[in-house]
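This report concerns only the one structure given below.
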Amino acid sequence: MRNILMSGLLLAAAFSTNPAHALDSSGTPVVVTPLASRTTTASGQPITLPQKNVQVLVSTFDIAPGATLPVHRHPFPRYAYVQAGTLKVTNVETGNSNTYKTGDFIIEMIGQWHQATNIGDGPVKLLVIDQVEEGAKNTELRQ
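Have a look at this one:
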């Protein structure tokens, strides 16, 4: 499973290193536009993958204007693509914040307490991808 995942990621990276035109089987052009290429999380940590039985979870989040998520952390990698809105993410351990807007790609911090607030006028819509050890949760709430 890990080899399949890594092969898929390498293939995606090969197609996304430069804006490119690929062809589908009918010869119709397909435009590939890179969105992100990073080796570290939002707080500068190296990205590390689960060590066994990797499971990929994909979900969407809709965060209402003014909503603040509870303080939480992720034990495994989490990636998010901002489909709409403006989201401020604050590392509550360091006080550092990043603001993300429509079209941004987030590589969330691993194992660090943080929270996010919708600071825009409309809803924040996220496409979220988690890589976890099979059956594990990727969000721990601060008690």
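Residues -22 to -1, 1 to 121 in mature numbering (1 follows the signal peptide of the UniProt record, and there is no 0) are what the sequence shown lists, from first letter to last. Every residue, glycine too, gets a C-beta built ideally from N, C-alpha and C. Quantities reported herein were computed from a predicted structural model and do not represent experimental measurements.
Assignment of E118 by DSSP, reduced to helix, strand and coil, places it in the strand class. Here R56 carries a strand assignment [DSSP, helix/strand/coil].
Measuring C-alpha to C-alpha distances from L119 to each of V32, R51, V8 identifies R51 as the nearest. For P48, there is no enclosing beta strand (DSSP E), since its DSSP letter is neither H nor E.
Just measuring C-alpha positions, the residue of V70, V102, V32 sitting nearest A62 is V102. Under the 8 Å Cβ criterion, the stretch 39 to 50 counts as touching the stretch 84 to 103, having at least three qualifying pairs. The residue from P55, Q109, N116, S4 with its alpha-carbon nearest to that of N31 is Q109. Residues V70, W91, Q93, R120 of the same chain have their beta carbon placed closer than 6 Å to that of V49, with the five preceding and five following residues left out of the count. For the set T95, Q33, V8, the Cα lying nearest the Cα of S75 is the one of T95.
Contact annotation, P55 with I84: C-beta distance approximately 11 Å; criterion of less than 8 Å not satisfied.
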